[in-house]
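The sequence shown finishes on residue 156 if you use our numbering, and the numbering steps up by one all the way, no holes.
What follows is a set of notes on a single structure, which appears directly below.
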Amino acid sequence: MSTQRYQLPDEPRPGALTQAAVDPMWPMFAFILVGAWMGYLWFALNAFALGSPTKQRELGLIGVALAGSALAFFGLAGAYESGWLDPGSLKYALLGVIAIKLACAYGLHVMQSRVFELFTYFGGQAKNGAVVLVLGFVMLKAPVAKMLSGGVLGVLLQ
């Protein structure tokens, strides 16, 4: 007789961080209202808290977001320095960097939503992320924005 428990391949495997699991809506709100730095960190923490079977993909998507927005930023900076873009056009072109970050954050939200639904279906209790979001917005947004202002990190993480 086998003592192994049957487990679905896409079933969440909660671990020690299960107490920190939240609905992926909260990291998405943090991304939008506080900054990409808080949204990406919270998505990564939530992937481990939910025991997401796709956590490697989710962490990879965070890497793609950072690398893709960095490449787009440096590409646009090179185009501006070469004279291909004027200052007015550069402002509009930089919206592409924001679009890359937002598309990746939405992809993270979609991936984690499926896992979150399974997590709650199998009896997992999610925490309310509103307090963390409000604290991040009120207490962390301004100091971190000031710290990241003026530079590549500011463009990538704000």
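Just so it is clear, CB atoms sit at the ideal spot from N, CA and C, and this is done for glycine as well.
The structure presented is a predicted model; accordingly, all values stated were derived computationally and were not measured.
**OP:** Kindly list the residues whose CB is nearer than 7 Å to the CB of valine 62, restricted to its own chain and excluding five residues on each side of it in sequence; keep chain order.
**Re:** Cys102
Original post:
For glycine 152, which residues of its own chain have a beta-carbon under 6 Å away from its beta-carbon, when the five flanking residues on both sides are left out?
Top reply: Leu146
Original post:
In three-state DSSP terms, what is valine 32?
Top reply: coil
Subject >> Cβ distance (whole Å) where leucine 74 is taken to contact leucine 83 below 8 Å >> reply: Going by Cβ atoms, the distance from leucine 74 to leucine 83 rounds to 7 Å, so yes, they are a contact pair.
Original post:
Is the Cβ-Cβ distance between leucine 131 and phenylalanine 27 less than 8 Å?
Top reply: yes
**OP:** Could you round the C-beta distance between glutamine 110 and leucine 48 to whole angstroms and report it? I think they count as a contact, below 8 Å.
**Re:** 7 Å
Original post:
Smallest Cα separation from valine 150: which of Tyr104, Met137, Val95 and Arg112?
Top reply: Val95
Original post:
Do the CB positions of valine 20 and glycine 86 come within less than 8 Å of each other?
Top reply: no
**OP:** For tyrosine 180, count neighbouring C-beta atoms within 10 Å of its own C-beta (all shown protein chains included) and say buried if the count is 16 or more, exposed if not.
**Re:** What is shown of the chain runs -1 to 156, which leaves residue 180 out entirely.
Original post:
Any heavy atom of the ligand COA closer than 7 Å to the Cβ of glycine 61?
Top reply: In the structure shown, the ligand COA is absent, as is every other ligand, since no ligand is present at all.
Original post:
What residue range is occupied by the uninterrupted alpha helix (DSSP H) comprising alanine 97?
Top reply: 93 to 119
Original post:
Is the distance from the Cβ of leucine 88 to the Cβ of tyrosine 78 below 8 Å?
Top reply: yes
**OP:** Give a yes or no on whether the C-beta atoms belonging to glycine 33 and leucine 155 are separated by under 8 Å.
**Re:** yes
**OP:** Figure out for me which residue from Ile98, Asn44 and Gly81 has the closest Cα to the Cα of alanine 68.
**Re:** Comparing Cα-Cα distances from alanine 68 to each of Ile98, Asn44 and Gly81, the minimum goes to Ile98.
Subject >> Beta-carbon spacing of leucine 43, alanine 18 below 8 Å >> reply: yes
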